[in-house]
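Data block below; observations after.
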Amino acid sequence: MNTTKIAPSLLAADFGNLQKDVEMVNNSAADWHHIDVMDGVFVPNISYGMPVIKAIAEHATKPLDVHLMIVDPDRYIKHFAELGANILSVHYEACTHLHRTIQAIKKEGMKAGVALNPHTSVQLLENIINDIDVVCLMSVNPGFGGQSFIENTYSKTKALKDLILKKKAKTLIEIDGGVTALNAQALVGAGANILVAGSFVFKSENPTQTIYDLKKIAG
Ligand code: DX5
Ligand code: ZN
């Protein structure tokens with residue numbers, strides 16, 4: 001059964017031809033459009049903001065998986081709902097009142113995601129896992145595409161899967177950063193449900209084929 005979702009990260013797309021790349025994802029085996037928002041404060045890089053996301057949303061036909069790498073994300077929950085985000089992920093490290101933030105995301109009709117930096121233990125989610133729709137495990141330090149995969153992510157994925165089973169939660173596990181055809185299968189074996197891939201897809205010769213291959217490998 002083919003259940004693993006593939007979410008190409010538009011951070012690695014050709015920004016001069018964004019519509020073309022969004023349409024490529026529309027017409028591919030991908031499941032979600034992954035959209036990385038960086039504020040230059042939470043992470044040492046600035047990606048793109050509301051006007052660009054609006055343009056993406058106008059052309060995208062698949063769910064918008066918005067990954068906020070910003071401080072104080074509560075300020076913008078409503079804005080992202082209005083832009084058409086379907087899944088909105090905030091960073092654990094950026095939220096003082098994570099429970100409140102998650103409730104606010106759900107209140108706006110979106111799925112609530114929580115992203116963890118590589119050093120953040122999955123055990124910190126023990127008391128909130130049942131409220132979270134998606135946990136995004138960062139397998140690189142957030143801020144840039146094209147970095148190499150951190151190997152500790154396998155054991156972290158397994159530990160998160162154990163926690164989800166122990167708590168009888170329905171949370172999905174997303175892996176973000178350095179995903180390629182070489183680690184996809186092992187990640188799914190460890191418990192991953194969604195694989196984000198930026199450079200591996202967009203820097204390849206035939207992105208549509210790469211997405212198809214990744215989906216097939218992931219199973
Ligand atoms: C990193 C972003 C990722 C990034 C993944 O901060 O959250 O989504 O675009 O890019 P690759 O697949 O190139 O590591
Ligand atoms: Zn991301």
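Heads up: the sequence shown is residues 1 to 219, going by the working numbering.
Virtual Cβ for every residue (Gly too), placed ideally from N, Cα, C.
Taking all protein chains shown into account, do 16 or more other C-beta atoms lie within 10 angstroms of the C-beta of residue i, making it buried, or fewer, making it exposed?
{"i": "I193", "result": "Ile is not the amino acid found at residue 193; the sequence shown has Asn there. It is buried - the Cβ of N193 has at least 16 other Cβ atoms within 10 Å."}
{"i": "F200", "result": "buried"}
{"i": "E58", "result": "exposed"}
{"i": "F42", "result": "buried"}
{"i": "K156", "result": "buried"}
{"i": "G191", "result": "buried"}
{"i": "A184", "result": "buried"}
{"i": "D21", "result": "buried"}
{"i": "H119", "result": "exposed"}
{"i": "P51", "result": "exposed"}
{"i": "G145", "result": "buried"}
{"i": "K107", "result": "exposed"}
{"i": "I53", "result": "buried"}
{"i": "A186", "result": "exposed"}
{"i": "L160", "result": "buried"}
{"i": "G198", "result": "buried"}
{"i": "F15", "result": "exposed"}
{"i": "L182", "result": "exposed"}
{"i": "S47", "result": "buried"}
Pull up the CB-CB distance for residue i and residue j, whole angstroms please, since I reckon it's below 8 Å.
{"i": "A112", "j": "H91", "result": "With 8 Å as the limit, A112 and H91 do not qualify as a contact, their Cβ atoms being about 13 Å apart."}
{"i": "A55", "j": "L88", "result": "Contact flag wrong, Cβ pair sits at about 18 Å."}
{"i": "A7", "j": "H34", "result": "4 Å"}
{"i": "V196", "j": "E174", "result": "6 Å"}
{"i": "A29", "j": "F202", "result": "Going by Cβ atoms, the distance from A29 to F202 rounds to 15 Å, so no, they are not a contact pair."}
{"i": "L98", "j": "A85", "result": "L98 to A85, Cβ: 18 Å. No contact."}
{"i": "L163", "j": "I129", "result": "6 Å"}
{"i": "V135", "j": "F149", "result": "Going by Cβ atoms, the distance from V135 to F149 rounds to 18 Å, so no, they are not a contact pair."}
{"i": "V25", "j": "K78", "result": "So it is not a contact: roughly 26 Å between Cβ atoms."}
{"i": "N45", "j": "G143", "result": "5 Å"}
{"i": "A81", "j": "M110", "result": "6 Å"}
Quick one: what's residue i bridged to in DSSP?
{"i": "D222", "result": "Here the chain has residues from 1 to 219 only, and residue 222 is not among them."}
{"i": "K107", "result": "Answer is none; K107 lacks a bridge partner."}
{"i": "K5", "result": "I194"}
{"i": "A112", "result": "L88"}
{"i": "D39", "result": "I46"}
{"i": "D176", "result": "M138 and V196"}
Is there at least one Cβ from chain C nearer than 8 Å to residue i's Cβ?
{"i": "G189", "result": "Among the protein chains of the structure shown there is no chain C, as only one such chain exists."}
contact_flag[the region 70-78, the region 86-102] where n(CB pairs < 8 Å) is 3 or more:
yes
Minimum length 4: unbroken alpha helix (DSSP H) runs contained in the region 123-166
153-166
Report yes or no: do three or more beta-carbon pairs, one from the region 159-178 and one from the region 202-210, lie closer than 8 Å?
no
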